[in-house]
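J.: Residue numbers (the numbering used here): -12 to 139. Backbone N, C-alpha and C fix where the C-beta goes; we use that ideal spot for every residue, glycine too.
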Amino acid sequence: MTDHAKGFNFDEFVRRYNPALSQFDYIVGDWGYGKLRLRGFYNDDRDVSVGPFVSALNDYILEFVNFGAPYFVIHNLEARPIVRKSRNTRNRRHSSRNRSHSNNNHHGRKNHSFVEQKVTTKQKPVQKRKKMVVKAEEKSNKHHFIIRESKN
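1. Consult DSSP for Glu(-1) and reduce its assignment to one of helix, strand or coil.
2. Buried or exposed, going by whether 16 or more other CB atoms sit within 10 Å of the CB of Ile61?
3. Starting from Asp46, trace the alpha helix (DSSP H) both ways and give me its first and last residue.
4. Out of Arg116, Val106, Pro68, which one is the CA nearest neighbour of Ser36?
5. In the DSSP assignment, what are the bridge partners of Phe59?
6. Against chain C, does Pro68 count as a neighbour if the rule is that its beta carbon must be under 8 Å from one of theirs?
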């Protein structure tokens, strides 16, 4: 364990600890604006494809920890990977059901970033409507108004 400027506070560490951090080999905690921020790092020899590795720890401290702020590094001796359920198993089991209920709208969105919509007019234009009578026609300097009233 490395404790810089007495940054380790057990009570605050217990309060901020998340079980997702148990997968990491090292846990770094730093104080910024009165709050503890925790970040996990994998050991360099760990078989993980992506993730922050302990070799980048000094870069993290220099770039992300506030200058002069207290921080600590804890070595997790019981680091265990979190087993994630595969998302594809459900999709394979229900793939025939999904194909039969596929929605065509979703396939069209893949081709472009906007949504195409068909615009339909709800009523015919005023000139083509039957049962309409021009009641009054008013003219002013700026606008031309026609008041139409339906025959009932």
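T.: In terms of the structure at hand:
1. helix
2. buried
3. 44 to 51
4. Pro68
5. Asp(-10), Gly16
6. In the displayed structure, chain C is absent; only one protein chain is listed.
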